[in-house]
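Chemist: In this note's numbering, the protein residues as written are 2 to 345.
Glycine included, each C-beta is placed from N, C-alpha and C at the ideal position.
Sharing a structure with you now.
What follows is the structure in structure tokens.
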């Protein structure tokens, strides 16, 4: 007998394995929809960066602290760290495209002023440079006619010129010879030169070999007219939109390392000594010859005209020395506003 036309249809019951498969497919489809709706995130490869430093405390401590705190990794950088003997050689490497960022002392500031590089951040205001002389030489005037060694274009060279000018002398009044810092130390210790323009920790090394050497002139003797800031520099090509991610990441590393160093100076000395294999005592002595600022303080000083006054004072001095032909607006070579705007 056939069922009535309006009788309800008998429900179809699927086998258990078919029901399970349907539920699985429905769940998979829902997950796929959720995945499509969710924002996509991709792990970004670290940016390669080549960073130079000088093997003294003020010249290497930023790199040493960045290594210790793993700041490179934090800010997505893959660094290649390179050691240099002085600032001018780093500027040459920047110009050749062999280096992205470096460190220079105040004596090399004339190079950014003449367009060879851009300053990306201030470091410290230092007091570690000296004009020294052999025992028995008591005044700058006593150096007249004598051989004085300096690393070309560095803070030692700058301070010698400034010291002679303060003493009413000319550069031609001494026999100025140029050599790298390590050779200056060797030449002075062996008595081959009678004077030198050099900085700590090299002065501390020489005091160990020539205990009675005489410090004739130091940075503080030029205060308050002159301030002597060291800085971090970059190659000019990075001052463009394409270089912005790398520059900003580097500023973040510098700021964090700077603040940690100021708050943990003794540990920063340890890190620097480990990086360059130098005696801790000499770096500790050098670390005492500087005025340190927090990154917040440097940001303020970079925008209120203070850093500009430091740089203009150095510019005037370098013009006197015929290193630069004219006064240059610091905004042309110091990215002070950029530094202040970047936050770690």
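Which residues does DSSP pair with residue 216 in a beta bridge?
Modeler: One-based indexing of the chain shown puts residue 216 at position 215. According to DSSP, residue 216 bridges with 133.
Chemist: From residue 215 to residue 131, what does the alpha carbon distance come to, in whole angstroms?
Modeler: Your numbering for residue 215 matches position 214 in the chain shown. Your numbering for residue 131 matches position 130 in the chain shown. Distance between the alpha carbons of residue 215 and residue 131 is about 10 Å.
Chemist: Within the same chain, show all residues whose beta-carbon is closer than 7 Å to that of residue 154, passing over the 5 residues directly before and after it, in chain order.
Modeler: Walking along the chain shown from the start, residue 154 turns up at place 153. So the list reads 89, 108 and 109, once near-sequence residues are dropped.
Chemist: When the Cβ atoms of the segment 303-316 are set against those of the segment 89-99, are three or more pairs found closer than 8 Å?
Modeler: Counting Cβ pairs under 8 Å, fewer than three are found: no touch.
Chemist: Quick one: grab the DSSP three-state call for residue 118.
Modeler: On the chain shown, position 117 is the one that residue 118 refers to. Note: residue 118 maps to coil in three-state DSSP.
Chemist: Hey, residue 128 and residue 221 are a contact pair by Cβ (cut 8 Å); roughly how many whole angstroms apart?
Modeler: If you number the chain shown from 1, residue 128 lands on position 127. If you number the chain shown from 1, residue 221 lands on position 220. Going by Cβ atoms, the distance from residue 128 to residue 221 rounds to 5 Å, so yes, they are a contact pair.
Chemist: Would the C-beta of residue 87 count as close to the ligand SAH, meaning under 7 Å from any of its heavy atoms?
Modeler: What this structure holds is no ligand at all, so the ligand SAH is not there to describe.
Chemist: From the DSSP secondary-structure annotation, give me the bridge partner or partners of residue 200.
Modeler: Within the chain shown, the letter at position 199 stands for residue 200. Its beta-bridge partners are 130.
Chemist: Can you tell me the Cα-Cα spacing of residue 146 and residue 50, whole angstroms?
Modeler: Locating residue 146 in the chain shown gives position 145, where the first residue counts as 1. Locating residue 50 in the chain shown gives position 49, where the first residue counts as 1. Computed Cα separation, rounded: 46 Å.
Chemist: Would you mind working out which of 330, 193, 58 and 326 sits nearest residue 179, comparing C-alpha positions?
Modeler: Taking the chain shown and counting its residues from 1, one reaches residue 179 at position 178. Measuring from the Cα of residue 179, the nearest candidate turns out to be 193.
Chemist: So, helix, strand or coil for residue 329, using DSSP?
Modeler: As a working mapping, residue 329 is identified with position 328 in the chain shown. It is coil, neither helix nor strand.
Chemist: Can you list, in chain order, the residues of its chain with a C-beta nearer than 8 Å to that of residue 208? Leave out the 5 residues immediately preceding and following it.
Modeler: Here residue 208 refers to the residue found at position 207 when the chain shown is read from its first residue. Answer for residue 208: 214, listed in chain order.
Chemist: Quick check: the Cα distance between residue 69 and residue 271, rounded to an integer number of angstroms?
Modeler: On the chain shown, residue 69 is found 68 positions in, with the first residue counted as 1. On the chain shown, residue 271 is found 270 positions in, with the first residue counted as 1. Between residue 69 and residue 271, the C-alpha separation is close to 10 Å.
Chemist: Runs of 4 residues minimum, wholly inside the segment 54-124: which ones carry the alpha helix (DSSP H) assignment?
Modeler: Counting whole runs of 4 or more residues, the segment 54-124 contains the alpha helix (DSSP H) stretches 58-70, 72-75, 88-97 and 111-114.
Chemist: If the criterion is Cβ atoms closer than 8 Å, does the pair residue 224 and residue 133 meet it?
Modeler: Sequence index remark: in the chain shown, residue 224 carries index 223 (1-based). Sequence index remark: in the chain shown, residue 133 carries index 132 (1-based). The answer is no: Cβ separation not under 8 Å.
Chemist: Give the secondary structure of residue 339 by DSSP, where H, G and I count as helix, E and B as strand, and everything else as coil.
Modeler: Residue numbering aside, residue 339 sits at position 338 when the chain shown is read from its first letter. The answer is helix: DSSP assigns residue 339 an H, G or I state.
Chemist: Between which two residues does the alpha helix (DSSP H) holding residue 307 run?
Modeler: Here the question's residue 307 lines up with position 306 in the chain shown. Taken as a continuous stretch (DSSP letters only), the alpha helix (DSSP H) holding residue 307 covers 307-321.
Chemist: Can you give me the C-alpha to C-alpha distance between residue 203 and residue 142, rounded to a whole angstrom?
Modeler: Here the question's residue 203 lines up with position 202 in the chain shown. Here the question's residue 142 lines up with position 141 in the chain shown. If you take the alpha carbons of residue 203 and residue 142, they lie about 23 Å apart.
Chemist: For the alpha helix (DSSP H) that residue 182 lies in, which residues bound it at each end?
Modeler: Residue mapping note: residue 182 aligns to position 181 of the chain shown, counting from 1. Its alpha helix (DSSP H) spans residues 182-190.
Chemist: Are there 16 or more other CB atoms within 10 angstroms of the CB of residue 173, so buried, or fewer, so exposed?
Modeler: Sequence index remark: in the chain shown, residue 173 carries index 172 (1-based). Exposed is the call here.
Chemist: Residue range of the beta strand (DSSP E) that residue 230 falls in?
Modeler: On the chain shown, position 229 is the one that residue 230 refers to. Residue 230 -> beta strand (DSSP E) spans 230-235.
Chemist: Determine the contact status of residue 291 and residue 64, defining contact as a CB-CB distance below 8 Å.
Modeler: If you number the chain shown from 1, residue 291 lands on position 290. If you number the chain shown from 1, residue 64 lands on position 63. No, the pair does not count as a contact, with Cβ atoms beyond the cut-off.
Chemist: Would you report the Cα separation of residue 260 and residue 295, rounded to the nearest angstrom?
Modeler: Within the chain shown, the letter at position 259 stands for residue 260. Within the chain shown, the letter at position 294 stands for residue 295. Using only the alpha carbons, I get a separation of about 5 Å.
Chemist: Measure the C-alpha to C-alpha separation of residue 268 and residue 62 and round it to an integer number of angstroms.
Modeler: Sequence index remark: in the chain shown, residue 268 carries index 267 (1-based). Sequence index remark: in the chain shown, residue 62 carries index 61 (1-based). If I take the Cα positions, the gap works out to 10 Å.
Chemist: Measure how close the beta-carbons of residue 1 and residue 150 come, nearest whole angstrom, since I'm counting them as under 8 Å.
Modeler: Residue 1 is absent from the structure shown; the chain starts at 2 and stops at 345.
Chemist: DSSP state of residue 264, grouped into three classes?
Modeler: Working through the chain shown from its first residue, we reach residue 264 at position 263. In this structure, residue 264 counts as helix in the three-state DSSP scheme.
Chemist: Identify every residue that forms a DSSP beta bridge with residue 176.
Modeler: Counted from its first residue, the chain shown places residue 176 at position 175. For residue 176, which the question treats as bridged, DSSP gives the partners 148.
Chemist: Distance check for residue 252 and residue 336, CA to CA, integer angstroms please.
Modeler: Residue 336 sits at position 335 when you count from the first residue of the chain shown. Residue 252 sits at position 251 when you count from the first residue of the chain shown. Spanning the two alpha carbons is a distance of roughly 11 Å.
Chemist: Can you have a look at residue 332 and say buried or exposed, based on whether 16 or more other CB atoms are within 10 angstroms of its CB?
Modeler: As a working note, residue 332 is residue 331 in the chain shown. When all chains shown are included, residue 332 counts as exposed.
Chemist: How would you write the range of the alpha helix (DSSP H) that residue 344 sits in, first residue to last?
Modeler: Locating residue 344 in the chain shown gives position 343, where the first residue counts as 1. From DSSP, residue 344 is part of no alpha helix (DSSP H); its letter is neither H nor E.
Chemist: Going along the chain, which residues of its own chain have a beta-carbon closer than 7 Å to the beta-carbon of residue 169, five neighbours each way excluded?
Modeler: One-based indexing of the chain shown puts residue 169 at position 168. If we look at residue 169 and ignore the five residues flanking it on each side, it has no Cβ neighbours.
Chemist: Can you name the residues that DSSP bridges to residue 292?
Modeler: Taking the first residue of the chain shown as position 1, residue 292 is located at position 291. Paired residue(s): 126.
Chemist: Between which two residues does the alpha helix (DSSP H) containing residue 324 stretch?
Modeler: Translated into the one-based positions of the chain shown, residue 324 becomes position 323. Taken as a continuous stretch (DSSP letters only), residue 324 belongs to no alpha helix (DSSP H), as it is neither H nor E.
Chemist: Could you give the residue range of the alpha helix (DSSP H) that holds residue 159?
Modeler: Position 158 of the chain shown, counting from 1, holds the residue named residue 159. Looking at the DSSP string, the run of the alpha helix (DSSP H) that includes residue 159 is 156-167.
Chemist: Restricting to Cα atoms, I'd like to know which of 249, 112 and 230 is closest to residue 239.
Modeler: For this step, residue 239 is matched to residue 238 along the chain shown. Comparing Cα positions, the closest option is 249.
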